[in-house]
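Here's the structure we're looking at; comments come further down.
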Amino acid sequence: MSLQVLDVCRKTSGKIWQRKPIPNDDGLMVSITHNISSALPLSARNIRFLQADFDSTGETFIAGDHQGNIFVFDLSRNRFSLVQRTGSPCTALAYKLRRKNELLAGMSDYSLKCYDTESKELVAWMKGHDSAIYHISLHASGRYALTSSSDAAQLWDLDRFERKRKLNINENVGIVKVFFVPLSNLIITCFKDDTIFAWESDTLTCKYQLHAPPGKPPNYREFAATRDGRTLAAGGRSRFVHLWNLDTHQILRIIELPKKVMSVKQLEFLPENFDGGASQILGVVCQDGIVRFISIVSCKLLFDVGSQQQRVSHMTISPNGRHIVCVMTEGNLHVYSACGLYQELNRPPPPLVKVVESNKMSETVSTKSSETPSARSRCSVRKMKSVSASQEGDNSETTDIPEGLDVDRLFAILKGYGEYPVKYRMFIWRSLLRLPENHAAYGALVDKGNHPAYSKIHETYPVKSRKLLRILQRILSALAHWSPIFGETQYLPSLAFPFIKLFQNNHLVCFEMIASVLVNWGAHWFEYFPNPPINILGMIENVLAYHDRDLLQHFVKYKVTSQVLDSATLSKHVLSQVRIYAWPLLESLFSEVLTREEWLSLFDNVFSNHLSFLLMAVVAYATCARGPLLQCRELDDFKYFFHHRNSVDIRHMIKEAYRLWEATPSDIDPKNLLEEYTPLTKGQYPVFNKYPKFIVDYQVQERERIRQEEIDFLRQKQASLSLEKETLMRKNEEEAWYRQQKLLLDAEEKRRMMIQDEEQKLAAQRKRVNAMMREVKLKELKLLDAARRKFLQFQKTQREAELKRLDDEVQRKAQQRDLETEQAVEEAQIRHMELQLQKKMFEQELFRDYADASHQLRTEKDLRRKQEELENCIQQRIKEAEREREQEVRKVLNENLARLCQGTIDAEAQTGTELRQRMEDLDREMKQVQLTKMTRENRRLEEEVQALMIKCQENEEDETRAAGINLVEQRHLAAGCDDRRYRLMEQEITEGFDHTQKLRRNAQILMDGLPGTEQVSDQRRIILNESSVTPSEQGSLSQNWRSMDEKEQELLAEVRRMRHRLATENRTKKPPPVPLDDST
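FYI, the numbering for the sequence shown is 17 to 1096, going by the working numbering.
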């Protein structure tokens, strides 16, 4: 039966459960939570419940959470409702008032409030404490209440809601607890010095004192009294519980709890139906979060509530003894059925704990333990923990299993019940596998972060629970960091997921469980990686062939087989068929074909037997489903059968596995072929390298390469998107500007339509010009001035038809000349590249010859390569600087030409044509200079290559005579080559600088000579002095030239520094010789 869970988040009323609750094996009926959801998946949190208390009927209880919400839960009517949102946490609750619809709540602001559960209103607000109220005790009549805090205890009259008395506490002796004794008129007070007094509630006179037994101070903190008021139980910071008889004022007995109990957090008596108020069962909430219910007569541990994973912080029991409400440490409320926890409340079991009969705590007498066999497996499982705690010193005979467990007894339980007890299964597994719990080693693996192989596991292996997905990703990443093979294993998530669901609250145990399975049961699974383990599957097929040959023949008939063929047909036959009936069960560890309970039962037997039992389980699964498998004919039917749950009895399957295990002959028995179980090493985990390392390393490298390519692609995509966005923005701005211009042109066109038709044609031509300008703007965003000059030039050509024809002719000639110049430059570049290639080929051949002699020449080859790269970089920078200077000069010349053209729009066509021809001559001269420089450089390179070839020939002749002289000469020759290259670069830089200065002088002469040559008196001419460069513009140009000169000087200085450094390294570096490479 699945557990019913109630979430009261954002609910004011509703049903507690949707169907009639049936307690499970632990007696749990319903779990109540208060989870606040959020839009962000990781922002959800749980509001913890702090206190709970039943009413006098025992069918209704109240609970308060950390935010001050008080709920009432009616178990008989299956309803709950929100009473009040107080806004502050509740430190204490009481619900057994005389008026059944009222409750008392102690708040964190030190006040005491009374609420009506029906009207949901505040009835009274009482103040008087100076610290938080941690306990409220009600009188049997329900008219009075005692509240306890760390500084005082106060008596309240609940009829008038006022304070009646106040018990002041001495500063040196603090108060522990003050409460009413049921069915009496007594008040019990306990102080921090372990003194207990009984007071008359009416007169507040002391009646008697209860003395603690001599010996070590018990440090009382918790008390509980039976319903008849005759027995008092006290416990504190020790593992002893003291029982007093309040009639005789004497101690009855001392109950000693198990040794792992260090302190008592709460005491409550469990009422019974026929005990007359003299409760015989005491519930003890210990510091380990487990509630132990003990018989105070026989001192036997009857049952317990809670576990190490689900700890109890507070408990309240209904007065009728039917229900138990536990507040868990994680903040949930668990409602238990007392009958579901222990059905034999009226039959005292034999004692299992020690009893102290004398008054001294040190003189304890333990009774003999007696065990009564029970047919109920649940009761026997609950007794196991008590027996192991009381007989801890008697179980030292087993040394292979930790914590005193006996393998023979465990195996007897497994044989008798078919599985281990649910409550102790995880503990038994950890003990059988002998997990080392290497916290430091596991922490180091987790600190490495998520492995790249599992960074997108949510896409390949989707899981509904985000918590389980994060745990799965963390565990798989730790496994991949431990051994690279686990980062390449595709089926590892399905193999590890069942363990992650079981141990989701203990990641270290989960990791070591999976690691133990992989190191032992999966030790030979990766020998044929990435193919299935042919050796393991061959063992399975041999066993199946021996025990059920008909089924195997049926598999073979329909090409469903896992037999091991020869090496020639292995990859073609086995790898395609072996995955059908054996490998799917192994790679998922039966999690796809079994339910949770069946899977747990199976692995109880797997972990308790030899490693070969898992293989027998695979064969047993196939033989148990023999009938349905013989009916299958299609290959897809077989695949579906071994990937989905089927109606296979797990108990029969396990028995069949044991039968196969015993009946298999030794020559094919996997037990003789597989090793024994080997636990993980303590401190550090063992090295796992039973796999083809070269395949895994190759896959890791490929994955890293793909990841880097994806990163580069995303970076380029982001850059392209940003560039596209910027281009679109500029395009929109230009389109808006053009739309505005179009509107202006349209308005002008409408006005001129009434004057003449010629103006309409001109407006149409302007529209076409604007369309052409828009296309130019999209292509040349940064050349707005050039577009403007083209627009003005186009406007000028429209006014002068003859000038337009001349401009077209000049443009055609200029394009032809530019094409020829570009072809010449390309030819020079190709020639330059050929020379460079010849030079590199020659140098490579030279270096290949030198590599036969010593490693020193190879080192010099690397040094030369670095020098060449540095020289290429310097040459590139020189070319870029020269290009920038040429562009700057061209820009200045173009701007001057634009200003002159703007100033001479109405000048004669011949004057404009001459000016443009002069500018074109300047451009042609610049390109001719570039071509000349490229030709000169090619010639120098040819000479240098020829000189190098001659010198190399001479060096080869000298090498036959003396090797030592050859090394010296080669170094001098390299230094000379470097000097020549550096001088060549300096000469190129100087020539470029002189050429730039020449162009500047020509441009200056051109600007100085234009105004004097164009002097006309006609009013239609425009004086050229108005369109010349202004002094501010000349200053900006001179400043730009000055900055370019400074850059050139810095570049020259950097070349000299590099030259000096490289020459120094050549003189001082002496690398050792190395053997010759195979490639040479």
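For each residue, glycine too, the CB sits at the ideal point set by N, CA and C.
Every value quoted in this text rests on a predicted model; they were computed, and no experiment measured them.
List the DSSP bridge partners of residue 339.
Answer by DSSP bridge pairing, in chain order: 353.
Quick one: Cα of residue 33 to Cα of residue 89, how far?
11 Å
Could I get the ranges of all uninterrupted beta strand (DSSP E) runs contained in the stretch 195 to 221, with 3 residues as the minimum, in chain order?
Within the stretch 195 to 221, the complete beta strand (DSSP E) runs of at least 3 residues fall at 202 to 207, 212 to 216.
My assumption, with CB atoms under 8 Å, is that residue 629 sits in contact with residue 645. Please give the rounded CB distance.
That pair is no contact at about 22 Å.
In terms of residue numbering, what span does the beta strand (DSSP E) encompassing residue 497 cover?
Per DSSP, residue 497 belongs to no beta strand (DSSP E); it is in the alpha helix (DSSP H), 482 to 498.
Cα separation between residue 706 and residue 543?
6 Å
Please report the distance separating the alpha-carbon of residue 141 from that of residue 472.
57 Å
Is the distance from the Cβ of residue 173 to the Cβ of residue 182 below 9 Å?
No, Cβ-Cβ distance for residue 173 and residue 182 is not below 9 Å.
Tell me whether the beta-carbon of residue 274 lies closer than 9 Å to the beta-carbon of residue 242.
no
Measuring CB atoms only, is the stretch 605 to 616 touching the stretch 509 to 527, in the sense that at least three cross pairs come out at less than 8 Å?
Inter-segment contact for the stretch 605 to 616 and the stretch 509 to 527 is present: three or more beta-carbon pairs are separated by less than 8 Å.
Could you work out which residue in 676, 477, 448 is closest to residue 424 when comparing CA atoms only?
448
Suppose you measure from the CA of residue 999 to the CA of residue 793; what does that come to, to the nearest Å?
Straight through space, the alpha carbons of residue 793 and residue 999 are spaced by roughly 44 Å.
State buried or exposed for residue 25, treating a residue as buried only when at least 16 other CB atoms are found within 10 Å of its CB.
Answer is exposed; the Cβ neighbour count stays below 16.
Counting C-beta neighbours from all protein chains within 10 Å, is the total for residue 282 16 or more, i.e. buried, or is it exposed?
So residue 282 counts as buried.
Reducing DSSP to helix, strand and coil, say where residue 260 ends up.
strand
Could you give the C-beta distance for residue 2 and residue 157, rounded to a whole number, given that I count them as a contact under 8 Å?
With the chain represented from 17 up to 1096, any question about residue 2 goes unanswered, as that position is not in the structure.
In chain order, what residues of the same chain have a beta carbon less than 7 Å from the beta carbon of residue 938, not counting five sequence neighbours either side?
909, 1018
Considering Cα atoms alone, identify which of 746, 643, 533, 843 is closest to residue 692.
When each option's Cα is compared against that of residue 692, the closest is 533.
Could you give the residue range of the beta strand (DSSP E) that holds residue 606?
Where residue 606 is concerned, there is no enclosing beta strand (DSSP E), given that its DSSP letter is neither H nor E.
Nearest-angstrom Cα distance between residue 168 and residue 82?
24 Å
Decide yes or no for the touch test of the stretch 652 to 670 against the stretch 547 to 562: beta carbon pairs closer than 8 Å, at least 3 of them.
no
With which residues is residue 95 paired in a DSSP beta bridge?
90
With a threshold of 7 Å on Cβ separation, who are the neighbours of residue 263 within its own chain once the five nearest residues in sequence on each side are excluded?
246
Taking DSSP as the reference, what is the three-state secondary structure of residue 530?
Helix.
Write down the C-beta distance between residue 492 and residue 470 rounded to the nearest angstrom, noting that I regard them as a contact closer than 8 Å.
5 Å
Given this structure, state the Cα-to-Cα distance separating residue 178 from residue 126, to the nearest angstrom.
Taking the straight line joining both Cα atoms gives about 15 Å.
In whole angstroms, what separates the C-alpha of residue 407 from that of residue 316?
Unreliable positioning characterises residue 407 in this predicted model, as indicated by a pLDDT of 35, which lies under 50. The coordinate reading is nonetheless provided below. Rounded to whole angstroms, residue 407 to residue 316 spans 14 Å at the Cα level.
Quick check: what's the CA-CA separation for residue 888 versus residue 813?
46 Å
May I ask which residues mark the beginning and end of the beta strand (DSSP E) holding residue 172?
168 to 173
Excluding the 5 residues flanking residue 695 on each side, which residues of the same chain have their C-beta closer than 6 Å to its C-beta?
Same-chain partners within the cutoff: 450.
Can you tell me whether residue 464 is buried or exposed? The criterion is at least 16 other CB atoms within 10 Å of its CB, across all chains shown.
exposed
What's the C-alpha gap between residue 771 and residue 817?
22 Å
Give the single residue among 49, 638, 672, 673 whose Cα lies nearest to the Cα of residue 662.
638
If residue 189 sits next to residue 207, beta carbons under 8 Å apart, how far is it from one beta carbon to the other, in whole angstroms?
5 Å
At which residues does the alpha helix (DSSP H) containing residue 479 begin and terminate?
No alpha helix (DSSP H) holds residue 479; DSSP gives it neither H nor E.
Which term fits residue 1069, buried or exposed, when burial requires 16 or more other beta carbons within 10 angstroms of its beta carbon?
Exposed, since its Cβ has fewer than 16 Cβ neighbours within 10 Å.
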